[in-house]
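Position 100, counted from 1, in the sequence shown is what our numbering calls 286; the numbers after and before it change by one each time, with no gaps. Every residue, glycine too, gets a C-beta built ideally from N, C-alpha and C. Some notes on the structure that comes next.
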Amino acid sequence: MNVLAIDTSTSRGSVALLCEGRVLLDEACLSDRNHGCALVPLLERARGLAGRFDRIAVGLGPGSYAGVRIAIATAMGLGMAMGANLVGIPSVAAWACGEDRHLAIGDARRETFYFTKVERGICTEGPMLLDAPGLLARIVESPGWPVLSAEPLALVPQAVVAVPSALTLARLAADGRGICAEGDLEPLYLREPHITLPKAR
């Protein structure tokens, strides 16, 4: 089975390709707001190596809303063209850290944070939205667990900076592990959409 994986939930995007368990492609791109442009050469390279994809795995976040939407839209287009099976996996379950278990945390803006407990690529708790005291309490309740964040967090200075790995996503998808959605994919939303109302005149 040929498995393509895409993650653009952070400023470091990545693409990986597994063919019958062999790694044919594992590349990253520092693309920030230009994920779409940076992905194209990697996807062209993957298509040249495999010809077709049987399964396409996408990191669904939490993370950059625009980045996750770009990955989903790209995967949907490729999936329709090739008849590939689309699967979604939380990006935080595939952080490159070399650990069997970890706590994935991050700034969710507006004085909130996301928290996920991950064991062997499976989210056993979360992703969930917490305030600062709630996040610190969850970390204290998990002594000995590595704490990872996609960016430095002043609230949790001991957190190690890590990012999702498309290769880990591909391996999880190939094994059918950690999959939380199939077909029509959506980013992992942690809160209702926020609408700013105009100020009264």
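Proximity winner among the options, relative to residue i (alpha-carbon distances)
i           : options               : result
residue 241 : 375, 386, 373 and 361 : 361
residue 286 : 313, 354, 336 and 327 : 354
residue 368 : 292, 312, 245 and 316 : 245
residue 316 : 292, 329 and 211      : 292
residue 348 : 270, 278, 190 and 267 : 278
residue 306 : 365, 248, 191 and 225 : 365
residue 231 : 250, 249, 202 and 253 : 202
residue 276 : 283, 254, 213 and 284 : 254
residue 265 : 352, 189, 358 and 374 : 189
residue 194 : 216, 187 and 205      : 216
residue 283 : 304, 187, 205 and 372 : 304
Bridge partners - residue i, DSSP secondary structure assignment
i           : result
residue 208 : 205
residue 197 : For residue 197, which the question treats as bridged, DSSP gives no partner whatsoever.
residue 311 : 303
residue 213 : 201
residue 368 : 273
Segment limits, beta strand (DSSP E) that includes residue i
i           : result
residue 375 : Per DSSP, residue 375 belongs to no beta strand (DSSP E) and is neither H nor E.
residue 290 : 287-295
residue 334 : 333-335
residue 348 : Neither: residue 348 is in no beta strand (DSSP E) and is coded neither H nor E.
residue 245 : 241-245
Proximity test, residue i beta-carbon vs the ligand FAD heavy atom, cut-off 6 Å
i           : result
residue 199 : Absent from the structure shown: the ligand FAD. Ligands present: none.
Residue environment, residue i, which counts as buried when at least 16 other CB atoms sit within 10 Å
i           : result
residue 300 : buried
residue 310 : exposed
residue 234 : exposed
residue 385 : exposed
residue 207 : exposed
residue 289 : buried
residue 261 : buried
residue 229 : buried
residue 324 : buried
residue 346 : exposed
residue 363 : exposed
Rounded distance between the beta-carbons of residue j and residue i, thought under 8 Å
i           : j           : result
residue 257 : residue 376 : Going by Cβ atoms, the distance from residue 257 to residue 376 rounds to 17 Å, so no, they are not a contact pair.
residue 344 : residue 333 : 6 Å
residue 270 : residue 239 : 5 Å
residue 313 : residue 298 : At roughly 12 Å, the Cβ-Cβ gap does not stay under 8 Å, so residue 313 and residue 298 are not in contact.
residue 236 : residue 210 : 7 Å
residue 350 : residue 252 : That pair is no contact at about 16 Å.
residue 196 : residue 336 : 5 Å
residue 224 : residue 199 : 6 Å
First and last residue of the uninterrupted alpha helix (DSSP H) at residue i
i           : result
residue 255 : 251-268
residue 355 : 352-361
residue 326 : 318-326
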